[in-house]
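S.K.: What follows is a structure written as structure tokens; I'll ask about it next.
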Amino acid sequence: MSQPAARVGDMHVCPMATPGTPPVPHVGGPMLPPGTPTVLIGGQPAACVGDMCVCTGPPDSVVAGSTSVLICGKPAARLGDPTAHGGQHCSGLPNSFNRLTTVFT
1 MSQPAARVGD
11 MHVCPMATPG
21 TPPVPHVGGP
31 MLPPGTPTVL
41 IGGQPAACVG
51 DMCVCTGPPD
61 SVVAGSTSVL
71 ICGKPAARLG
81 DPTAHGGQHC
91 SGLPNSFNRL
101 TTVFT
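Numbering (UniProt numbering), first residue to last: 1 to 105.
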């Protein structure tokens, strides 16, 4: 079974905290545009490795994705894939990779 595809606007969680007294927790947010605007998944641009995410601290980014689905040469981001701050995607479009199995360039 495939994992749901992550797209611009889909959410991620961030477990980091900026040191201080008290520490300031980061709060995950949506994937930022532009994503891959030439590849729409459920009407939204696809998210790939290297794309940025909103975070209360410094911006977060996707660090790993699909090993079998490439979009414009980059691994597609999916539900559960990790981010640079140690978080992961927590939303995406179900069943999208059942139809999206080719390499887009």
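The C-beta atom is built at its ideal place from N, Cα and C for all residues, glycine as well.
#1: By DSSP, does Asp10 sit in helix, in strand, or in coil?
#2: Identify, in the order they occur along the chain, each residue of the same chain with its Cβ nearer than 6 angstroms to the Cβ of Ser91, setting aside the five sequence neighbours on each side.
#3: Would you say the region 14-30 touches the region 64-79, given that touching needs at least three Cβ pairs under 8 angstroms?
#4: Which of the three DSSP states is assigned to Leu40 in this structure?
#5: With 16 other CB atoms within 10 Å as the buried threshold, where does Thr102 fall?
#6: Any idea if Cys48 is buried or exposed, counting beta-carbon neighbours within 10 angstroms, 16 or more meaning buried?
#7: Quick check: what's the CA-CA separation for Gly42 versus Pro4?
#8: By DSSP's criteria, Pro25 is part of a beta bridge. Which residues make up the other side?
M.R.: Well, looking at it:
#1: coil
#2: Asp10 and Met11
#3: no
#4: strand
#5: Residue placement at Thr102 cannot be trusted, given a pLDDT of 43 that sits under 50; what the coordinates show is reported in the next sentence. Exposed is the call here.
#6: buried
#7: 11 angstroms
#8: Ala17
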